[in-house]
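Reminder that position 191 of the sequence shown reads as 191 in our numbering, one-by-one numbering, no gaps.
The beta carbon of each residue, even a glycine, is placed where N, CA and C say it ideally should be.
Please read these numbers as outputs of a predicted model, since none were measured by experiment.
For reference, the structure discussed in these notes is given below.
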Amino acid sequence: MYTQMFRNFIRSGAAIIAVLFILTAGFASLVIGKRYLAKQQEVIAQTAVHQQQHISKHVEYFNKETGLLLYYLKFSLVNAPRPLSGLSIGQRDVNPSVRSVNIRNLENQQYDTDLSNPSNLLLGNLDLGFVMIYLFPLIIIIFTYNIFSEETEGGTWNMIRIQAVSPLKLLWHKLLHRAVVVYSLAVVLLLSAIIILQVPLNITLLAVVCLLVLYLLFWFSLSYWIVSWRKSSGFNAICMLAAWILLTILTPTFVNSYISNAYPVPEALQTVIKQRQGYHEKWDMDKSVTMEKFYAHYPQFRKYQLKGEEFKWLWYYAMQQIGDDDAAQYSKALEEKLRKREEISARIGMALPVLHTQLSLNDLAGSGMKDHLLFQDSVRHFHEKMRLRFYPEIFEERPVSSIDWSSFTVEYFTAPAGIRWVTLLLPLIVICTLLSGLAGYNLYRFRQE
Numbered sequence: 001m002y003t004q005m006f007r008n009f010i011r012s013g014a015a016i017i018a019v020l021f022i023l024t025a026g027f028a029s030l031v032i033g034k035r036y037l038a039k040q041q042e043v044i045a046q047t048a049v050h051q052q053q054h055i056s057k058h059v060e061y062f063n064k065e066t067g068l069l070l071y072y073l074k075f076s077l078v079n080a081p082r083p084l085s086g087l088s089i090g091q092r093d094v095n096p097s098v099r100s101v102n103i104r105n106l107e108n109q110q111y112d113t114d115l116s117n118p119s120n121l122l123l124g125n126l127d128l129g130f131v132m133i134y135l136f137p138l139i140i141i142i143f144t145y146n147i148f149s150e151e152t153e154g155g156t157w158n159m160i161r162i163q164a165v166s167p168l169k170l171l172w173h174k175l176l177h178r179a180v181v182v183y184s185l186a187v188v189l190l191l192s193a194i195i196i197l198q199v200p201l202n203i204t205l206l207a208v209v210c211l212l213v214l215y216l217l218f219w220f221s222l223s224y225w226i227v228s229w230r231k232s233s234g235f236n237a238i239c240m241l242a243a244w245i246l247l248t249i250l251t252p253t254f255v256n257s258y259i260s261n262a263y264p265v266p267e268a269l270q271t272v273i274k275q276r277q278g279y280h281e282k283w284d285m286d287k288s289v290t291m292e293k294f295y296a297h298y299p300q301f302r303k304y305q306l307k308g309e310e311f312k313w314l315w316y317y318a319m320q321q322i323g324d325d326d327a328a329q330y331s332k333a334l335e336e337k338l339r340k341r342e343e344i345s346a347r348i349g350m351a352l353p354v355l356h357t358q359l360s361l362n363d364l365a366g367s368g369m370k371d372h373l374l375f376q377d378s379v380r381h382f383h384e385k386m387r388l389r390f391y392p393e394i395f396e397e398r399p400v401s402s403i404d405w406s407s408f409t410v411e412y413f414t415a416p417a418g419i420r421w422v423t424l425l426l427p428l429i430v431i432c433t434l435l436s437g438l439a440g441y442n443l444y445r446f447r448q449e
């Protein structure tokens with residue numbers, strides 16, 4: 001009997017349309033993810049070539065003064081996308097994967113970004129993460145809203161109750177049949193993603209699979225709970241769709257609005273203003289004031305003294321450094337607030353499965369705000385390393401030819417690895433258990449009637 005029930009379900013028009021819809025959207029998302037990764041890899045490859053050409057050309061044209069040459073030279077740090085970012089693009093389409101900086105003031109370069117079509121950014125990306133998080137729940141709703149009510153509305157429930165088969169067992173099998181179809185679709189798309197996006201088989205992929213399995217289980221648990229109220233099909237459908245709208249659209253919007261108002265970032269503008277003021281006002285100040293501030297920051301360079309009133313690169317790069325120092329307070333406050341926003345979002349997401357899954361998936365794919373902030377920190381350290389590398393050559397006025405410029409190749413940022421399994425999975429496990437328990441209690445009461 002159960003086999004025949006499964007055949008009837010899978011042959012129904014709703015099931016066929018839903019399966020075709022999900023497969024079409026899923027494979028389209030994989031194509032988009034593949035194109036995104038290919039574009040990023042092309043940009044990274046071009047960056048490596050461009051840096052060598054850029055350095056060679058400028059060394060040829062500005063071969064008299066090292067200070068003048070390094071005014072123009074830029075060095076690149078790359079945050080190469082993981083293959084999983086093709087599955088969940090996240091904020092990667094907004095935040096650049098390549099940062100090219102010179103050794104002048106960093107704050108004037110730190111927040112540059114790529115030019116993008118604003119219409120495309122507004123619409124977002126149809127990646128597999130979107131399909132899993134937003135479209136799969138709709139399929140679960142379509143499959144489950146009437147698994148109980150169709151029997152009562154069709155007049156067959158009383159017939160089932162007088163048969164030997166347990167009515168609740170029948171309900172469980174109907175739910176299981178739908179779960180088999182949904183999880184089979186998820187497996188097909190994930191296996192396709194592994195092949196198409198060339199995702200390595202590692203612990204991170206396992207974490208993604210566990211996260212998505214529990215997320216889909218949450219929607220089945222929610223549907224099971226609503227169905228256990230034993231209301232009409234129309235009531236169930238409205239409740240499930242209302243839950244989908246609330247959890248996927250309204251609640252994330254409210255959370256984003258709350259966090260934006262609770263942690264505003266006026267420092268974004270103040271950082272740029274203070275950096276520019278801190279640099280430009282030094283042209284009208286006594287040089288000794290600038291140099292003393294510079295020596296306080298870099299005591300190891302006090303041996304390089306400014307002599308005379310003529311222009312010296314020592315003073316010029318000291319001005320650049322002090323411009324960054326003047327803006328450091330606002331820059332640190334900006335980054336701290338961005339980290340606080342991310343932290344609060346994660347905490348609130350513990351109680352909101354959709355938000356939790358989206359943030360966690362972005363973190364695992366290396367496409368979230370956390371990864372971007374780590375990359376910005378790495379850019380800061382990279383910039384400082386290049387400054388300390390070249391300051392002695394500039395201050396000692398060494399010839400351009402004394403430096404092996406061909407050795408400066410593109411460098412790569414690697415985010416620290418680590419998965420917090422309890423934080424990742426426990427919120428979904430708790431919510432699924434709670435909803436299933438409530439549904440079981442409702443059905444237990446029904447059995448006693």
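Here Q305 is exposed. Its C-beta has fewer than 16 other C-beta atoms within 10 Å.
Between K34 and G86, the CB-CB gap stays under 9 Å.
For the pair L211 and L338, the CB atoms are not nearer than the 9 Å cut-off. Here DSSP, grouped into helix, strand and coil, assigns Y304 to coil. Here P137 is buried, its C-beta having at least 16 other C-beta atoms within 10 Å. Pairing E393 with S402 gives a Cβ-Cβ distance under 9 Å. Cβ neighbours of L373 within its own chain (closer than 8 Å, five residues either side excluded): E335, L338, R339 and E342. Distance between S88 and V188, taken at the CA atoms: about 17 Å. Going by DSSP, V199 is part of no alpha helix (DSSP H) at all; its letter is neither H nor E. Secondary-structure assignment with DSSP links F75 through a beta bridge to V101.
In the DSSP assignment, T144 falls within the unbroken alpha helix (DSSP H) covering F136 to T144. The beta carbon of K74 sits closer than 7 Å to those of H54, S100, V101 and N102, all from its chain and outside the five residues before and after it, given in chain order. Taking a C-beta distance under 9 Å as the contact criterion, I194 and L201 qualify as a contact pair. Comparing alpha-carbon positions, the option among D377, Q41, I139 and E396 lying closest to K307 turns out to be E396.
E65 sits in coil when the DSSP states are folded into three classes, being neither helix nor strand. Fewer than three beta-carbon pairs drawn from the segment 57-64 and the segment 27-43 are found closer than 8 Å, and the two stretches are therefore not classed as touching.
Annotated three-state conformation of Y412 is strand, per DSSP. Two segments are said to touch when three or more pairs of C-beta atoms, one from each, lie closer than 8 Å; by this definition the segment 140-148 touches the segment 225-238. Contact between the segment 209-223 and the segment 422-429 is present: 3 or more CB-CB pairs across the two stretches fall below 8 Å. If you compare the alpha carbons of T409, P252, L388 and G323 with that of S345, the shortest gap goes to P252.
Annotation: F148 is outside any alpha helix (DSSP H) and is labelled neither H nor E by DSSP.
For V354, same chain residues with a beta-carbon under 6 Å away, outside a window of 5 residues either side, are L247 and T248 in chain order. CA-to-CA, the gap between F254 and L77 works out to about 36 Å. Non-local beta-carbon contacts of S221 in its own chain, meaning distances under 6 Å to residues more than five positions away in sequence, involve C432, L435 and S436 in chain order.
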